Amino acid sequence: MEAAKKNVGHPYHLVKLSPWPICMSFSLFLFFMSLTYMFKYKNSFYVYVSFMLLSLLVYCWFKDVFKESCEGFHSKKVKEGFKFGMLLFIISEFFFFLSIFWGYFHIYLAPDADLGLTFEGMKGVDFMKKFPLSFINTTLLVVSGGLGHYSYDKLKEKKFKESKYALLMSFMLGMLFSLIQLYEYYESSFTISDNVYGSLFYFLTGFHGLHVLVGSLYLFVNWYTFDLYKIYYGGAVGLYLAL
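Going by full-length UniProt numbering, the residue at position 59 of the sequence shown is 59; the numbering climbs one at a time, nothing skipped.
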């Protein structure tokens, strides 16, 4: 590892030429185009194909990143760059969700004439019936986050068995959250096209669910490559950022 750093001669993140960024861009473009095609023609074949391609590219990119880490190219300065990049991502997500809440409170507090200057949400929907599942999902997220931080603390103490088990449980609870949310959508009595509330509800909860799903997969990647931490701890930046 030290030899690799000496050969580099600087602490900055100047990686070799990689095909993954441009390939990932085209793959995402194909994925969203296939979604549009599915919505119009009710054919999901291309969605599955593009998703499999996207998953393969994510795997290849993660593999290269872990290879760079094990070879010692992730210096302290590089890790600071990773953390700063995640901070910028979190800030952007904060403003993204703020815009959705802004839309809800705008239509709730100042409804326009098309709504009769009133906003009543979804008529005839008993949201208290959905409270138990919502409470369970909230509990799952809290426990999953707690287990993730417990795993990170045990990893710093080099208690690898406990850390790996807690990380696996954190991932499984995150996936269980996604399955319950999918069931809620399936059983819901209103859709995204019913009115403004329906659009905002599915837009907000859908993107939140997407974040949980991606975060769960990120935890799984860390669990899958967990044995690398036994060889080269290096601060476990990947697990830190996943949490």
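We treat Cβ as the ideally placed atom computed from N, Cα and C, and that holds for glycine.
Values in this document were obtained by computation on a predicted structure and should not be read as measured data.
Where does residue i land, buried or exposed, given buried means 16+ other C-beta within 10 angstroms?
i: L239; result: buried
i: A110; result: exposed
i: G148; result: buried
i: K164; result: buried
i: F73; result: buried
i: F84; result: exposed
i: V212; result: buried
i: F171; result: buried
i: S216; result: buried
i: V15; result: exposed
i: N137; result: buried
i: M1; result: With a pLDDT of 44 at M1, under the threshold of 50, the modelled position of this residue cannot be trusted, and the question is left open.
i: S69; result: buried
i: L17; result: exposed
i: Y12; result: exposed
i: V221; result: buried
i: L140; result: buried
i: L173; result: buried
Tell me whether residue i sits in a helix, a strand or coil according to DSSP, three-state version.
i: H208; result: helix
i: N137; result: helix
i: H106; result: helix
i: I192; result: coil
i: V142; result: helix
i: E187; result: helix
i: K5; result: Because the pLDDT of K5 is 49, which lies under 50, any placement of that residue in the model is unreliable, and the question is left without a value.
i: F226; result: coil
i: H149; result: helix
i: L35; result: helix
i: A242; result: helix
i: F73; result: coil
Which same chain residues end up closer than 7 angstroms to residue i when comparing Cβ atoms and leaving out the 5 residues on each side of it in sequence?
i: I192; result: G198, S199, Y202
i: G209; result: S178, Q181
Output the distance between the C-alpha atoms of residue i and residue j, rounded to the nearest integer angstrom.
i: I90; j: A242; result: 12 angstroms
i: L57; j: S34; result: 17 angstroms
i: V65; j: F190; result: 43 angstroms
i: Y41; j: Y48; result: 15 angstroms
i: Y152; j: S144; result: 12 angstroms
i: I100; j: E71; result: 43 angstroms
i: V196; j: G206; result: 15 angstroms
i: T36; j: Y46; result: 10 angstroms
i: L168; j: F97; result: 28 angstroms
i: E187; j: L133; result: 12 angstroms
i: E162; j: K156; result: 11 angstroms
i: Y59; j: F82; result: 19 angstroms
i: F131; j: S75; result: 47 angstroms
i: W223; j: V142; result: 19 angstroms
i: I107; j: F160; result: 50 angstroms
i: T225; j: L88; result: 26 angstroms
i: K67; j: C23; result: 19 angstroms
Determine whether the beta carbon atoms of residue i and residue j lie at a separation below 7 angstroms.
i: K77; j: V237; result: no
i: S55; j: L30; result: no
i: S92; j: L53; result: no
i: A166; j: Y183; result: no
I'd like the list of long-range same chain contacts for residue i, defined as Cβ closer than 6 angstroms, with 5 residues on each side in sequence excluded.
i: M86; result: L241
i: L219; result: S170, F171, A242
i: W61; result: W20
i: M175; result: S216
Give me, in chain order, the residues of the same chain whose beta-carbon lies closer than 8 angstroms to that of residue i; leave out the 5 immediate sequence neighbours on both sides.
i: L204; result: F97, I100, F101, Y104
i: N43; result: Y37
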